[in-house]
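Since the structure comes first, as structure tokens, the remarks are kept for the end.
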Amino acid sequence: MDKESLVQIIQRAVQTEKDGNLFYSRAAGAIRDPKAKKMFELLARDELYHVKIIEDLYRDLLTGGNIEAVKGYPIFEKRDENFREEISNSGSEADVLEQAIGDEMASKDFYREAAEVLEPGEEKEIFLDLMEMEEGHIRLLKAELDFLKKTGIYFDPTEFPVEGEKE
0 MDKESLVQII
10 QRAVQTEKDG
20 NLFYSRAAGA
30 IRDPKAKKMF
40 ELLARDELYH
50 VKIIEDLYRD
60 LLTGGNIEAV
70 KGYPIFEKRD
80 ENFREEISNS
90 GSEADVLEQA
100 IGDEMASKDF
110 YREAAEVLEP
120 GEEKEIFLDL
130 MEMEEGHIRL
140 LKAELDFLKK
150 TGIYFDPTEF
160 PVEGEKE
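Here the sequence shown stands for residues 0 to 166, where the numbers follow numbering that gives the first Met the number 0.
Following this line, the structure appears as structure tokens:
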């Protein structure tokens, strides 16, 4: 893969994770349930950790320094300042969870597709690791949604593996 294409993938990944952090931060600020709030805060922090991983990859592979996130590749749907108010008024944690699951699935697909076009090596492994981390987020969000709908298990961040941990 040429350097320019790799830079575009990395830029898109950074923007995706920054958008995810913003989404989860706003959701945490709007959700009333303390356990759900804690989960969204955890996910927001994880998204920033993903940014660090991707920026470290960029520094290692290319010229160094922070990269500018590229616009025009939204995976996490853009929300405006009214997002918090909309959540508060609707009180629909389930809607937020369903949107987050869809966004995380799109992120996972993006990382899988990026890994497929990369040659074997550190870059490919990093994107595969990010894909696993997104899968962890999907499991976490689905568990919370199942609990909310009384169809599944309870969310406890100390017991539920995320960030690519092997079960």
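Here a beta-carbon is modelled for each residue, glycine too, at the ideal position from N, C-alpha and C.
Just so you know, these numbers come straight off a predicted model, no measurement behind them.
query: Could you give the distance in angstroms between the alpha-carbon of Ile137 and the alpha-carbon of Asp145?
result: Between the alpha carbons of Ile137 and Asp145 lies a gap of roughly 12 angstroms.
query: Can you round the beta-carbon distance between Gly19 and Glu40 to whole angstroms, since I take them to be within the 8 angstroms contact cut?
result: That pair is no contact at about 13 angstroms.
- prompt: Buried or exposed: which applies to Gly64, given that a residue is buried once 16 or more other Cβ atoms fall within 10 Å of its Cβ?
  reply: Annotation note: pLDDT 47 at Gly64 (below 50); position unreliable, coordinate value reported separately. With fewer than 16 other Cβ atoms from the protein chains shown falling within 10 Å of its own Cβ, Gly64 counts as exposed.
- request: Take every Cβ of the segment 4 to 17, pair it with every Cβ of the segment 27 to 43, and state whether three or more of those distances are shorter than 8 angstroms.
  value: Under the three-pair Cβ rule at 8 angstroms, the segment 4 to 17 does not count as touching the segment 27 to 43.
message: Within 10 Å of its beta-carbon, does Lys70 have 16 or more other beta-carbons around it, so buried, or fewer, so exposed?
response: Residue confidence for Lys70 is low, a pLDDT of 43 falling below 50, so the modelled location carries little weight; the figure read from the coordinates is stated next. Counting other Cβ atoms within 10 Å of its Cβ, Lys70 stays below 16 and is therefore classed as exposed.
message: For a test of the three-state rule: what should DSSP assign to Ile8, helix, strand or coil?
response: Looking at Ile8 - three-state DSSP - the assignment turns out to be helix.
field: alpha helix (DSSP H) segment containing Ser106, residue limits
entry: Counting along the chain, the alpha helix (DSSP H) containing Ser106 begins and ends at Glu92 to Val116.
message: Beta-carbon within less than 7 angstroms of Asp1's beta-carbon, same chain only, minus the 5 sequence neighbours each way: which residues are those?
response: Correct list: empty, nothing qualifies.
- prompt: Would Asp102 be called buried (16 or more neighbouring beta carbons within 10 Å of its own) or exposed?
  reply: Label assigned to Asp102: buried.
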